[in-house]
Amino acid sequence: MDSLTAKSGMHSASGKSPRKQKPRKKKWGIRWPWLFIPAALLVSIIAAMNLLLLIGSVASGHPSVIMGIVVIIFPALAGVIFNYSLGHKTPWRSLLKLLLSSIVLGIIAWAVNTYKS
Amino acid sequence: MPDSDKMTEPVKIPKLHARWYEAHSIAGVFGLIPLFVIMVTGTITFYQHELIAWHIPAARVEAGEPVVKLDRLTADFIHELPKEAKSLFIEFPNKYFPILTAKWPSQDSDREIVRAVNPRTGEAIDSNTVSSELAHHLYLWHFLFPLPQGIILAGLLSLAWIALTVSGIYIHRKKLISQFTQGWKHASDRAWQSWLHSIIGTLTLPFHLIYGITGALYGLGTLALPLVLFITFGGDQKTMMENLTGNEEPAEVAGTTVERLPQLDPFLERTFAQAPDAEIYNIFIENPYDEGALMHIHFTNSEGDDGEAKFEINRSLEPIFFENTLSLTPAVKILMPAFILHFGAFGGIPVKIVYTVMGITLCLLTYAGTRLWIYRKQRQSPRWSLVLDRLFDGFGLGLLPAIGVYAWANRLLPYNVADRGHVEILIFHWFWIVIGLGVLIAGTGPGLRRWMMHLFVGMLAIVPIFDGFLYDAWPWQANSWYVPSVGIINIMLLAFGGLWFGICLMRRPSAERSKTLEAAENKTALDAV
Numbered sequence: 009m010d011s012l013t014a015k016s017g018m019h020s021a022s023g024k025s026p027r028k029q030k031p032r033k034k035k036w037g038i039r040w041p042w043l044f045i046p047a048a049l050l051v052s053i054i055a056a057m058n059l060l061l062l063i064g065s066v067a068s069g070h071p072s073v074i075m076g077i078v079v080i081i082f083p084a085l086a087g088v089i090f091n092y093s094l095g096h097k098t099p100w101r102s103l104l105k106l107l108l109s110s111i112v113l114g115i116i117a118w119a120v121n122t123y124k125s
Numbered sequence: 002m003p004d005s006d007k008m009t010e011p012v013k014i015p016k017l018h019a020r021w022y023e024a025h026s027i028a029g030v031f032g033l034i035p036l037f038v039i040m041v042t043g044t045i046t047f048y049q050h051e052l053i054a055w056h057i058p059a060a061r062v063e064a065g066e067p068v069v070k071l072d073r074l075t076a077d078f079i080h081e082l083p084k085e086a087k088s089l090f091i092e093f094p095n096k097y098f099p100i101l102t103a104k105w106p107s108q109d110s111d112r113e114i115v116r117a118v119n120p121r122t123g124e125a126i127d128s129n130t131v132s133s134e135l136a137h138h139l140y141l142w143h144f145l146f147p148l149p150q151g152i153i154l155a156g157l158l159s160l161a162w163i164a165l166t167v168s169g170i171y172i173h174r175k176k177l178i179s180q181f182t183q184g185w186k187h188a189s190d191r192a193w194q195s196w197l198h199s200i201i202g203t204l205t206l207p208f209h210l211i212y213g214i215t216g217a218l219y220g221l222g223t224l225a226l227p228l229v230l231f232i233t234f235g236g237d238q239k240t241m242m243e244n245l246t247g248n249e250e251p252a253e254v255a256g257t258t259v260e261r262l263p264q265l266d267p268f269l270e271r272t273f274a275q276a277p278d279a280e281i282y283n284i285f286i287e288n289p290y291d292e293g294a295l296m297h298i299h300f301t302n303s304e305g306d307d308g309e310a311k312f313e314i315n316r317s318l319e320p321i322f323f324e325n326t327l328s329l330t331p332a333v334k335i336l337m338p339a340f341i342l343h344f345g346a347f348g349g350i351p352v353k354i355v356y357t358v359m360g361i362t363l364c365l366l367t368y369a370g371t372r373l374w375i376y377r378k379q380r381q382s383p384r385w386s387l388v389l390d391r392l393f394d395g396f397g398l399g400l401l402p403a404i405g406v407y408a409w410a411n412r413l414l415p416y417n418v419a420d421r422g423h424v425e426i427l428i429f430h431w432f433w434i435v436i437g438l439g440v441l442i443a444g445t446g447p448g449l450r451r452w453m454m455h456l457f458v459g460m461l462a463i464v465p466i467f468d469g470f471l472y473d474a475w476p477w478q479a480n481s482w483y484v485p486s487v488g489i490i491n492i493m494l495l496a497f498g499g500l501w502f503g504i505c506l507m508r509r510p511s512a513e514r515s516k517t518l519e520a521a522e523n524k525t526a527l528d529a530v
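Residue numbers (this note's numbering), protein chains in the order written: chain A, 9 to 125; chain B, 2 to 530.
Spelled out as structure tokens, the structure:
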């Protein structure tokens, strides 16, 4: 069997049956990575902000201390969330979940703040 | 439906290791070029202060006693200060820059008017002589400030860096130790780059976390401030700023203009009366000709802490505020360690040397990471691989010879060129863009990369020779050591240049190897396209 017939799966001139074609595996990968990375960065920043918004709303203490802690925790937290979305089994779905949950967190934080004031 | 689709198996999700390998690769390639720029400029600007006197070769001034009288030195130019000037900033000489400078905003442009004086003799120094901003400009590039929203981009890159570190640790978790025993020799360049990448990445692990987290704090910290404003200060911006920087009230404009500025020496004497060991490092006057003009005298006390005295110079000689040791707000106390850690501003020169070594290795890490991505994608996406190869070599590695050109422009431009410091920056940027576009169009290879490194090292090594011929300041002459950092930098540049080219000459047979490599690389690129 020549290489052409072998590749195409056709019967060769000798009349022998062709080799059984193996099913092709679809490769896993992050779809549209060029869009995913900026989107993941943005969502992780929003998520970290909303989480800190909630923590800051319920925390008590000197305002300056809260400010320092919020500012210093913010980048590390955003980095962790970014990592989470990158390593997730379904990266785009994880972003959507993160975005929705951060909106919920933001609404709760807003409610807490309104109640406090 | 085509047969091929019927034959396709459902997507099998790989294990976390494989997913993070993919994520590490994608997140890496997203920011490799700007990260390389950040690392190169960051490594150089550890020595920002030491470089200040080096990049003003025409103004070799011997350091003198600390300045305690000011009026004698400012007499020649203080009358040039316009009555509408919003501020006057006087920087006192220090061990890195033994020249007194005064700056105020220009009335008809966004530039500053600068006047410089030799504090020992009282002679004026041409402001064009001290106009170079080499060290400061590279420092700005460290934060990508010259790009639109560059600081935010730098912050986002730092976030990506955190992700790269965590995924990198996970990918190599099983061979963190064993990789060190594999040896230096590898069958292919790809295997060598892979080994180098993981070895350097492991050795510099703590620095990834330090730079990643503190870098993101620098870049994205400002994004968190509106949030803080909302949750802790109920939207009161003024109170928030007081809690962040202390009680810094801007001067109230009285609206009445005085005829002439008062003598400044009595205010200095008043400050020294209250803090005898004070060493003043700068003076800032808000609305100098307004009746309510407020002068801030910033000084270092005998214990090395910062202090401040404030005077309403057109009203009274008595300070309205005096603090020998400025108290920091809790927010600043929390944030300060992050800033100190980022710049290695503790422990003096030994710590700076450790940071420099780490900085150089991080540049290598980025380079090796890029090469790996290029090799990995050469078959799957040959065009992207080719584009990244050229982009990285043009705009990433191209920065190195561009810095060499910047240093040459700093030495060779005539002093009668108006706005000399800005022309230097223009030359630097244009050369960088030209080399970037040139490589993008014409292509690259190991030979070009080697030449760019030769250019970078060679051009910097020639700068001390320029100093000798053009400014009569050879490294062995006393005027090179007025500010010791100038002499040390010049000797190091000469020594490093000699070492570099010496090693290159000794390793000459390996040129054959790189030719083979280049041929192989070109063939792969051609095959791919």
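Using N, Cα and C, we set each Cβ at its ideal position, and we do this for glycine too.
Using the beta-carbon count (16 or more within 10 Å), is threonine 233 (chain B) buried or exposed? On the second sequence, residue 233 (chain B) is found 232 positions in, with the first residue counted as 1. It counts as buried.
For glycine 76 (chain A), would you say it is in contact with chain B, using Cβ-to-Cβ distances shorter than 8 Å as the test? The residue labelled residue 76 (chain A) in the question sits at position 68 within the first sequence. Taking Cβ atoms only, chain B reaches closer than 8 Å to glycine 76 (chain A), which makes this a yes.
Once the 5 residues before and after aspartate 278 (chain B) are set aside, which same chain residues still bring their CB inside 8 Å of it? By one-based count along the second sequence, residue 278 (chain B) stands at place 277. The residues are Asn302, Ser303.
Indicate whether proline 46 (chain A) and isoleucine 27 (chain B) have their beta-carbon atoms separated by less than 8 Å. Within the first sequence, residue 46 (chain A) is the residue found at index 38, counting from 1. Within the second sequence, residue 27 (chain B) is the residue found at index 26, counting from 1. Taking 8 Å as the Cβ cut-off, proline 46 (chain A) and isoleucine 27 (chain B) do not qualify as a contacting pair.
Just reading off the beta strand (DSSP E) that arginine 116 (chain B) is part of, what are its end residues? As a working note, residue 116 (chain B) is residue 115 in the second sequence. Where arginine 116 (chain B) is concerned, the enclosing beta strand (DSSP E) stretches over 113-118.
So that I know if they touch, is there some Cβ in chain A lying closer than 8 Å to that of asparagine 315 (chain B)? For this step, residue 315 (chain B) is matched to residue 314 along the second sequence. It does not: the Cβ of asparagine 315 (chain B) has no partner Cβ on chain A nearer than 8 Å.
Taking the alpha-carbon positions, what's the glycine 498 (chain B) to arginine 451 (chain B) distance? Taking the first residue of the second sequence as position 1, residue 498 (chain B) is located at position 497. Taking the first residue of the second sequence as position 1, residue 451 (chain B) is located at position 450. Cα-Cα distance, rounded: 14 Å.
Thinking C-alpha only, which one of B:Arg73, B:His56, B:Ala217, B:Arg61 is nearest leucine 49 (chain A)? What you label residue 49 (chain A) is simply residue 41 of the first sequence in a count that begins at 1. It is B:Ala217.
In chain A, which residues lie less than 8 Å from leucine 160 (chain B) when you measure between Cβ atoms? Taking the second sequence and counting its residues from 1, one reaches residue 160 (chain B) at position 159. The answer, in chain order, is Leu49, Ser52, Ile53, Pro83, Ala86, Gly87, Phe90.
Roughly how far, in whole angstroms, is the beta-carbon of isoleucine 57 (chain B) from the beta-carbon of threonine 130 (chain B), given that I think they are within contact range, below 8 Å? Here residue 57 (chain B) refers to the residue found at position 56 when the second sequence is read from its first residue. Here residue 130 (chain B) refers to the residue found at position 129 when the second sequence is read from its first residue. Contact holds; Cβ gap of about 6 Å.
Any 3 or more C-beta pairs closer than 8 Å across the region 91-105 of chain B and the region 376-396 of chain B: no
8 Å is my cut-off, CB to CB: does alanine 21 (chain A) come that close to chain B? Sequence index remark: in the first sequence, residue 21 (chain A) carries index 13 (1-based). The pLDDT assigned to alanine 21 (chain A) is 48, lower than 50, so where the model puts this residue is not dependable, and the model offers no usable value.
Under a CB-based cut-off of 8 Å, is leucine 148 (chain B) close to chain A? Numbered from 1 along the second sequence, position 147 holds the residue referred to as residue 148 (chain B). Not one chain A Cβ lies under 8 Å of leucine 148 (chain B).
What do you get for alanine 403 (chain B), buried or exposed, if any count of 16 or more other CB atoms within 10 angstroms of its CB means buried? Position 402 of the second sequence, counted from the first residue, corresponds to residue 403 (chain B). Buried, because 16 or more other Cβ atoms sit within 10 Å of the Cβ of alanine 403 (chain B).
In this structure, does DSSP put proline 263 (chain B) in helix, strand or coil? Numbered from its first residue, the second sequence carries residue 263 (chain B) at position 262. Coil at proline 263 (chain B), not helix or strand.
CB-CB length for proline 1 (chain B) against valine 73 (chain A), believed under 8 Å: Past the boundaries of the shown model lies residue 1 (chain B); chain B is included only from 2 to 530, so the question cannot be answered.
Could you tell me which of B:Phe470, B:Ala136, B:Glu260, B:Leu441 sits nearest to proline 289 (chain B), measuring between CA atoms? Residue 289 (chain B) sits at position 288 when you count from the first residue of the second sequence. Looking at the Cα atoms, B:Glu260 is the closest of the given residues.
Are the CB atoms of threonine 122 (chain B) and threonine 357 (chain B) within a distance shorter than 8 Å? In the second sequence, counting from the first residue as 1, residue 357 (chain B) sits at position 356. In the second sequence, counting from the first residue as 1, residue 122 (chain B) sits at position 121. Contact flag unset, no.
Is DSSP giving aspartate 307 (chain B) helix, strand or coil here? By one-based count along the second sequence, residue 307 (chain B) stands at place 306. Aspartate 307 (chain B): strand per DSSP, three-state reduction.
Pull up the distance between the alpha-carbon of methionine 359 (chain B) and that of phenylalanine 208 (chain B), whole angstroms please. Residue numbering aside, residue 359 (chain B) sits at position 358 when the second sequence is read from its first letter. Residue numbering aside, residue 208 (chain B) sits at position 207 when the second sequence is read from its first letter. Distance between the alpha carbons of methionine 359 (chain B) and phenylalanine 208 (chain B) is about 7 Å.
Sorted by chain position, which residues of the same chain lie with C-beta nearer than 6 Å to methionine 57 (chain A)'s C-beta, five sequence neighbours on each side aside? Locating residue 57 (chain A) in the first sequence gives position 49, counting from the first residue. Cβ neighbours of methionine 57 (chain A) beyond the five flanking positions: none.
On a Cα-Cα basis, can you pick out the residue from B:Gly293, B:Leu245, B:Ala64, B:Lys378 that is closest to serine 328 (chain B)? Taking the first residue of the second sequence as position 1, residue 328 (chain B) is located at position 327. If we check each option's Cα against that of serine 328 (chain B), B:Leu245 comes out closest.
Within 10 Å of its beta-carbon, does glutamine 379 (chain B) have 16 or more other beta-carbons around it, so buried, or fewer, so exposed? Translated into positions along the second sequence, residue 379 (chain B) becomes position 378. Its Cβ being crowded by 16 or more others within 10 Å, glutamine 379 (chain B) is buried.
At a CB-CB cut-off below 8 Å, which residues of chain B make contact with glycine 64 (chain A)? Residue numbering aside, residue 64 (chain A) sits at position 56 when the first sequence is read from its first letter. Chain B residues near glycine 64 (chain A): Leu228, Val229, Ile232, Thr233.
Pull the bridge partners of phenylalanine 90 (chain B) from the DSSP assignment, please. The residue you call residue 90 (chain B) lines up with position 89 of the second sequence. B:Lys104, B:Phe285.
If we ignore side chains and look at the alpha-carbon of each, how far apart do threonine 240 (chain B) and arginine 73 (chain B) end up? Translated into the one-based positions of the second sequence, residue 240 (chain B) becomes position 239. Translated into the one-based positions of the second sequence, residue 73 (chain B) becomes position 72. Distance between the alpha carbons of threonine 240 (chain B) and arginine 73 (chain B) is about 41 Å.
Could you tell me whether the region 73-91 of chain B touches the region 280-294 of chain B, using the rule of 3 or more Cβ pairs below 8 Å? yes
Inter-residue spacing [alpha-carbon to alpha-carbon] between glutamate 66 (chain B) and isoleucine 281 (chain B): Against the second sequence, residue 66 (chain B) aligns to sequence position 65. Against the second sequence, residue 281 (chain B) aligns to sequence position 280. So the two alpha carbons sit approximately 12 Å from each other.
Within the chosen definition, does the region 160-174 of chain B reach the region 83-99 of chain A through at least 3 CB pairs nearer than 8 Å? yes
Note down, in chain order, every chain A residue with its Cβ under 7 Å from the Cβ of isoleucine 27 (chain B). The residue given as residue 27 (chain B) occupies position 26 in the second sequence. Residues of chain A passing the Cβ test: Ile38, Pro41, Ile45.
The region 333-352 of chain B touching the region 166-185 of chain B, judged by at least three CB pairs closer than 8 Å: no
Tyrosine 92 (chain A) versus isoleucine 214 (chain B) - alpha carbon distance: As a working note, residue 92 (chain A) is residue 84 in the first sequence. As a working note, residue 214 (chain B) is residue 213 in the second sequence. Approximately 16 Å between the Cα atoms of the pair.
Please compile the residues from chain B whose C-beta is within a distance smaller than 7 Å of the C-beta of leucine 61 (chain A). Your numbering for residue 61 (chain A) matches position 53 in the first sequence. Chain B residues near leucine 61 (chain A): Leu228, Ile232.
In the DSSP assignment, the alpha helix (DSSP H) including isoleucine 426 (chain B) goes from what residue to what residue? The sequence position of residue 426 (chain B) within the second sequence is 425, counting from 1. Start and end: 421-443.
In or out: arginine 508 (chain B) buried (at least 16 other Cβ within 10 Å) or exposed? Walking along the second sequence from the start, residue 508 (chain B) turns up at place 507. Exposed.
Is the beta carbon of leucine 197 (chain B) less than 8 Å from the beta carbon of histidine 25 (chain B)? As a working mapping, residue 197 (chain B) is identified with position 196 in the second sequence. As a working mapping, residue 25 (chain B) is identified with position 24 in the second sequence. Cβ distance not < 8 Å, so leucine 197 (chain B) and histidine 25 (chain B) don't count as in contact.
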